[in-house]
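Down below is the structure, laid out as structure tokens.
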Amino acid sequence: MPKTKLILALSALLATAAPLTAQVGSLSDGTLGQTPPQNAAPAPADDVTVEQIGAWQLQCAKDGPEPRPCRMYQLLADAQGNAVAEVTMYRLPEGGQAAAGATFIAPLESLLTVPLTITIGEQVANRVPYAYCNSIGCLARMGLSAIEAEYYKSADQALVSIIPARAPDQVVTVIMSLDGFKEAYEKATPVPQ
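Just so you know, the sequence shown maps onto residues -22 to -1, 1 to 171 in mature numbering (1 follows the signal peptide of the UniProt record, and there is no 0).
Dropping the structure here:
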């Protein structure tokens, strides 16, 4: 019986420690104490066509059944042009609670306890909790209602705010341009859920 309690206690400790390790560098991969590199946008795969519509890339599968799935993509950069985050948006089939979905990828050293915040004009449009982190960054996913999608279509830009784990008293805010959003959204094909 004591062995079972020890196993349960260790399991609980490991489960709570895993999210914390996603925010710190590691000696094993050489990232401890280093600033993450600022990379350009990843190139889309060869099986994807890309059409630039305003600030958005419409990325569509080249092969597969018609209509081929298309998603919207934008790399979010700071004022110096350094990549900070990226967003992928996609339409969902009609009839569901959400008309569209979005996935934001924020840097690994984002403070996970504070949601990613999207502001349009003077109003906070969305607070998006982080779902998990992997080797490319921390993912925050959200759904957009049809009304919210229309709000995005009518705006010029949104501000995306992220809190760094190393400086929780600071806010990193980047512009998500909505130039071309309406046209790209209309051209995007719904992806199955």
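From the three backbone atoms N, C-alpha and C, an ideal C-beta is built for every residue, glycine too.
* **6 Å CB neighbourhood of Glu29 in its chain, flanking five on each side removed** => Leu36
* Asked: Enumerated in chain order, which unbroken segments of the beta strand (DSSP E) with a length of 3 residues or greater are wholly contained in the region 31 to 64?
  -> 34 to 39 and 48 to 55
* Beta-carbon gap between Arg46 and Ala57 smaller than 8 Å -> no
* **Of the residues Pro93, Ile31 and Ser139, the one placed nearest Lys160, counting alpha carbons only** => Ile31
* Spell out the partners DSSP gives Glu29 in its beta bridges. => Leu36
* **CB-CB length for Val152 against Ala63, believed under 8 Å** => 6 Å
* Find out if the Cβ-Cβ distance for the pair Thr81, Arg119 is shorter than 8 Å. => yes
* What residue range is occupied by the uninterrupted beta strand (DSSP E) comprising Ser139? -> Gln135 to Ile140
* Asked: Does DSSP put Ser155 in a helix, a strand or coil?
  -> strand
* So, using beta-carbon positions, are Val92 and Met154 closer together than 8 Å? -> no
* Give the DSSP-derived three-state secondary structure of Ser88 in the structure shown. => strand
* **Segment limits, alpha helix (DSSP H) that includes Ile125** => Ala124 to Ser132
* Cut-off 7 Å between Cβ atoms - residues of its own chain near residue 178, not counting five sequence neighbours on either side -> For the chain, the structure presents residues -22 to 171; residue 178 sits outside this window and is missing.
* Closest Cα partner of Glu100 within the set Ala78, Met67, Cys111 and Asp134 -> Asp134
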